[in-house]
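Peer 1: As you go down the protein sequences, you meet chains A and B in turn. All letters in the first sequence, in the order written, are residues 1 to 310 by UniProt numbering. All letters in the second sequence, in the order written, are residues 1 to 310 by UniProt numbering. Ideal Cβ positions, reconstructed from N, Cα and C, are used throughout, including at glycine. Sending over a structure as structure tokens; questions will come in a sec.
There are 2 protein chains.
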Amino acid sequence: MTTRTEAVKAYLLDLQDRICSALETFETDTRFIEDAWTRPAGGGGRTRVIENGAVIEKGGVNFSHVFGSGLPPSASAHRPELAGRGFEALGVSLVIHPHNPHVPTSHANVRFFIAEKEGEEAVWWFGGGFDLTPYYANEDDCIHWHRVAEQACAPFGADVYARYKAWCDTYFHIKHRNEPRGIGGLFFDDLNEWDFDTCFAFIRAIGDAYIDAYLPIVQRRKAQAYTEQQREFQEFRRGRYVEFNLVYDRGTLFGLQSGGRTESILMSLPPQVRWSYDWKADVGSEEARLTDYFLQDRDWLGVAAPKAAV
Amino acid sequence: MTTRTEAVKAYLLDLQDRICSALETFETDTRFIEDAWTRPAGGGGRTRVIENGAVIEKGGVNFSHVFGSGLPPSASAHRPELAGRGFEALGVSLVIHPHNPHVPTSHANVRFFIAEKEGEEAVWWFGGGFDLTPYYANEDDCIHWHRVAEQACAPFGADVYARYKAWCDTYFHIKHRNEPRGIGGLFFDDLNEWDFDTCFAFIRAIGDAYIDAYLPIVQRRKAQAYTEQQREFQEFRRGRYVEFNLVYDRGTLFGLQSGGRTESILMSLPPQVRWSYDWKADVGSEEARLTDYFLQDRDWLGVAAPKAAV
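So, in structure tokens, the structure goes:
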């Protein structure tokens, strides 16, 4: 393990601690449980899961650090020449599924890869971001979420938010539904456009910003009353989350392909889900407003964001 | 459309009618609803779905007939040289998810492909099979299911059942769980080892056998009492069904990749599903018996079946 890897690892473990502590402030008795695991092929992780809490129905905040001799193709779509090389991957990945359909699901990930290249210096890059998946969405929440994202990016360049916001919209797109998974946020991969220290500072800014972005939304919405019908709509929309994660998500595929720990990878799946044939919201309903207005790759801050900046 | 395609199409439409009528005998008021659809890139289908019946919680029996100029790679793992060629695909595909956890989920599919090869005769093949996914399994049901499968295969060769039973076990394997999806049945693809008439007769035998295999099991189990806990176990196990279909199933991937009708393809997903972190059945429980005894690629008829005959 290099000095760089050590530094990233220390930050990620601390981030995992801070996120879990922050989320536990919403709970009365329920706490994250921890499973430490090792991977036969090299490395391991620290999975933290919370279930059936007062606010969080199911959530996982996972740290992992794995090594391997063959980088799976899903690890870097942009660097096919690295497939099969030795690698080291560290990350924190989290998904929070609240009970209340007025509280959005959130996802965040920060990760660091090093791939060995024979006779050359190791190639490293960061990836990550965070994105929000509301069921009954609020404009204020969406603007707040994107505002925090923008402020985290601002010190690193005027166009960073717009580029990674657009990449997020492109990435979290459910092709077979022609629908975004949520209202977006930030997504980036293969990040080494700046020197290591700057990239690492950026990753820290993103990891820390997740807490500032999500907690106020949970706080505002967690006590809002909801009906059984609204709960059913949430379970139906969670089906879209499953479809994205199992069919398209690079992190999920990387985990399953690299012999990762299945229960840690699939902690992202929602606790209760419904699929109804060809379900359609009534025209003009709150449910229709989710897809008609909110899930539209919208420019929440009035910042012109280039589409598909990948 | 050739004479062969016409003959296959007529059989498939009739099979769809007969299966729907047979399943409707279990219902009081609920009937299959039909959606006819066309595909912009060529072809279309006749989707039939039943929801919230007395016995069937969600089921789909779909006919489709699609043409295209580029065969998706998922269509034939054994014939990569055909990728991108013009093709025609016909099939009936069905999945039945009953309410009662004592009634297994069943899946069946029969399909016919023709791929054009420049300057050569068109290449055709059949595929299909049927498989059973119990929650609280019964040995008698498993033996009956496999006995009907064996009898359907017997006229076509002494080793046919054993080969396609083994292929089914290999195909319906959830790699990241190291667990079969169910207790198997038959699976075959790229079938053109006999002449067209024999292959077509075989497909008809398989399509017809599904009815004889499934209906007596539904009849026997549909009135059996169950608890809320047993229902939860069913919803949890349905999660495995979703994982298989979205991560591995060739038919699902072919459908989504070839611009198929999403709602018809994903009618296979169960109506209500649960995911709990690292859920484990109590040792010695009925729930543990499902995975410990039934989901073991078992030789139900005492016929030595070669593993992995693919």
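1. Going along chain A, which residues have a C-beta under 9 Å from R111/B?
2. By Cβ distance, which residues of its chain are closer than 6 Å to E27/B, with the 5 residues on each side in sequence left out?
3. Among D249/B, A122/B, E81/B, F202/B, whose alpha-carbon lies nearest the alpha-carbon of V8/B?
4. Thinking C-alpha only, which one of V273/A, Y248/A, D278/A, R204/A is nearest G129/A?
5. Spell out whether any CB of chain B is found under 8 Å from the CB atom of H146/A.
6. Three-state secondary structure (DSSP) at S264/B?
7. If the cut is a Cβ gap below 7 Å, which residues of chain B does A93/A touch?
8. For chain A, find out if any of its Cβ atoms is closer than 8 Å to the Cβ of S276/B; answer yes or no.
9. What residues from the stretch 48 to 62 of chain A come within 8 Å of chain B, judged by C-beta to C-beta, listed N to C?
10. Using a Cβ cut-off of 8 Å (strictly closer), state whether R231/A contacts chain B.
11. Kindly list, in the order they appear in chain B, the residues whose Cβ is closer than 9 Å to that of Q272/A.
12. How many angstroms separate the CA atom of M267/B from the CA atom of Y277/A?
13. Can you give me the C-alpha to C-alpha distance between G91/B and R240/B, rounded to a whole angstrom?
14. Use the C-beta contact count for E228/B: other C-beta atoms within 10 angstroms, 16 or more gives buried, fewer gives exposed.
15. I'd like to know whether the C-beta of T105/B is nearer than 8 Å to at least one C-beta of chain A.
16. Below 7 Å CB to CB, which residues in the same chain sit around L215/A once its five sequence neighbours on both sides are set aside?
17. Using the three-state DSSP reduction, which class does G59/A fall into: helix, strand or coil?
18. Could you tell me which residues DSSP pairs with H97/A in its beta bridges?
19. Quick check: the stretch 291 to 301 of chain A against the stretch 167 to 186 of chain B, are at least 3 beta-carbon pairs closer than 8 Å?
20. For N62/A and Q219/B, what's the separation of their Cα atoms in angstroms?
21. Nearest chain A C-beta to R39/B closer than 8 Å, yes or no?
22. Using the beta-carbon count (16 or more within 10 Å), is residue 314/A buried or exposed?
23. What does DSSP give as the partner residue(s) for N109/A in the beta ladder?
24. If we ignore side chains and look at the alpha-carbon of each, how far apart do L301/B and I217/A end up?
25. Can at least three beta-carbon pairs, one atom from the stretch 247 to 257 of chain B and one from the stretch 134 to 142 of chain B, be found at a separation below 8 Å?
26. For chain A, find out if any of its Cβ atoms is closer than 8 Å to the Cβ of H176/B; answer yes or no.
27. Mind checking E193/A: buried by the 16 CB within 10 Å criterion, or exposed?
28. Beta-carbon within less than 8 Å of L290/B's beta-carbon, same chain only, minus the 5 sequence neighbours each way: which residues are those?
29. Per DSSP, what kind of secondary structure is L15/A in: helix, strand or coil?
30. Comparing C-alpha positions only, which one of R39/B, F67/B, R31/B sits nearest to G60/B?
31. Can you tell me whether A308/A is buried or exposed, with buried defined as 16 or more other CB within 10 angstroms of its CB?
32. Determine the closest residue to G68/A out of R4/A, G43/A, R79/A, with distance taken between C-alpha atoms.
33. Looking at chain B, is there any beta carbon in it that lies within less than 8 Å of the beta carbon of E118/A?
34. I'd like the list of long-range same chain contacts for V148/B, defined as Cβ closer than 7 Å, with 5 residues on each side in sequence excluded.
Peer 2: Straight from the coordinates:
1. Taking the second sequence and counting its residues from 1, one reaches residue 111/B at position 111. Near R111/B there are no residues of chain A at all, since even the closest Cβ is about 20 Å away, more than 9 Å.
2. The residue you call residue 27/B lines up with position 27 of the second sequence. Cβ within range, chain order: G53, A54.
3. One-based indexing of the second sequence puts residue 8/B at position 8. For the residues D249/B, A122/B, E81/B, F202/B, the minimum Cα distance to V8/B belongs to F202/B.
4. Mapped onto the first sequence, residue 129/A falls at position 129. The candidate whose alpha carbon is nearest that of G129/A is R204/A.
5. What you label residue 146/A is simply residue 146 of the first sequence in a count that begins at 1. By this cut-off, H146/A is not an interface position.
6. Indexing the second sequence from 1 puts residue 264/B at position 264. S264/B: helix per DSSP, three-state reduction.
7. As a working note, residue 93/A is residue 93 in the first sequence. The sequence given here places Ser at residue 93/A; Ala does not occur at that position. By Cβ distance, chain B contributes nothing, its closest Cβ being about 14 Å from S93/A, past 7 Å.
8. On the second sequence, position 276 is the one that residue 276/B refers to. It does; some Cβ of chain A falls within 8 Å.
9. V49, E51, K58, G60
10. Residue 231/A sits at position 231 when you count from the first residue of the first sequence. Not closer than 8 Å to any Cβ of chain B, the Cβ of R231/A fails to qualify, so no.
11. Taking the first sequence and counting its residues from 1, one reaches residue 272/A at position 272. In chain order: E235, Q272, V273, R274, W275.
12. Numbered from 1 along the second sequence, position 267 holds the residue referred to as residue 267/B. Numbered from 1 along the first sequence, position 277 holds the residue referred to as residue 277/A. Answer to the nearest angstrom: the Cα atoms are 6 Å apart.
13. Counting from 1 along the second sequence, the entry for residue 91/B is found at position 91. Counting from 1 along the second sequence, the entry for residue 240/B is found at position 240. Distance between the alpha carbons of G91/B and R240/B: 25 Å.
14. Start at 1 with the first residue of the second sequence, and residue 228/B comes out as number 228. Classification for E228/B: exposed.
15. Here residue 105/B refers to the residue found at position 105 when the second sequence is read from its first residue. No, because no Cβ of chain A sits closer than 8 Å to the Cβ of T105/B.
16. For the purposes of this step, residue 215/A is taken as the residue at position 215 of the first sequence. Once the five neighbours on either side are set aside, the close Cβ partners of L215/A are A22.
17. For the purposes of this step, residue 59/A is taken as residue 59 along the first sequence, with counting starting at 1. Strand, per DSSP.
18. Start at 1 with the first residue of the first sequence, and residue 97/A comes out as number 97. BP columns for H97/A point to K58/A.
19. no
20. Within the first sequence, numbered from 1, the residue matching residue 62/A stands at position 62. Within the second sequence, numbered from 1, the residue matching residue 219/B stands at position 219. About 46 Å.
21. Start at 1 with the first residue of the second sequence, and residue 39/B comes out as number 39. Cβ-Cβ to chain A under 8 Å: no for R39/B.
22. It is not possible to answer for residue 314/A, since the shown part of chain A is limited to 1 through 310.
23. Position 109 of the first sequence, counted from the first residue, corresponds to residue 109/A. N109/A pairs with S93/A, G129/A.
24. In the second sequence, the residue the question calls residue 301/B occupies position 301. In the first sequence, the residue the question calls residue 217/A occupies position 217. Using only the alpha carbons, I get a separation of about 58 Å.
25. no
26. Walking along the second sequence from the start, residue 176/B turns up at place 176. Cβ-Cβ to chain A under 8 Å: yes for H176/B.
27. Locating residue 193/A in the first sequence gives position 193, counting from the first residue. E193/A should be labelled exposed.
28. What you label residue 290/B is simply residue 290 of the second sequence in a count that begins at 1. These residues qualify, in order along the chain: P134, Y135, Y136, A137, R237, A281.
29. If you number the first sequence from 1, residue 15/A lands on position 15. Three-state DSSP puts L15/A in a helix.
30. For the purposes of this step, residue 60/B is taken as the residue at position 60 of the second sequence. It is R31/B whose Cα lies nearest to the Cα of G60/B.
31. The residue you call residue 308/A lines up with position 308 of the first sequence. A caution first: A308/A carries a pLDDT of 47, below 50, which makes its placement in the model too unreliable to give a value.
32. Position 68 of the first sequence, counted from the start, is the residue given in the question as residue 68/A. Nearest of R4/A, G43/A, R79/A to G68/A, Cα basis: G43/A.
33. Along the first sequence, read from residue 1 onward, the residue named residue 118/A stands at position 118. So, not an interface residue.
34. As a working mapping, residue 148/B is identified with position 148 in the second sequence. These residues qualify, in order along the chain: A209, D212, A213.
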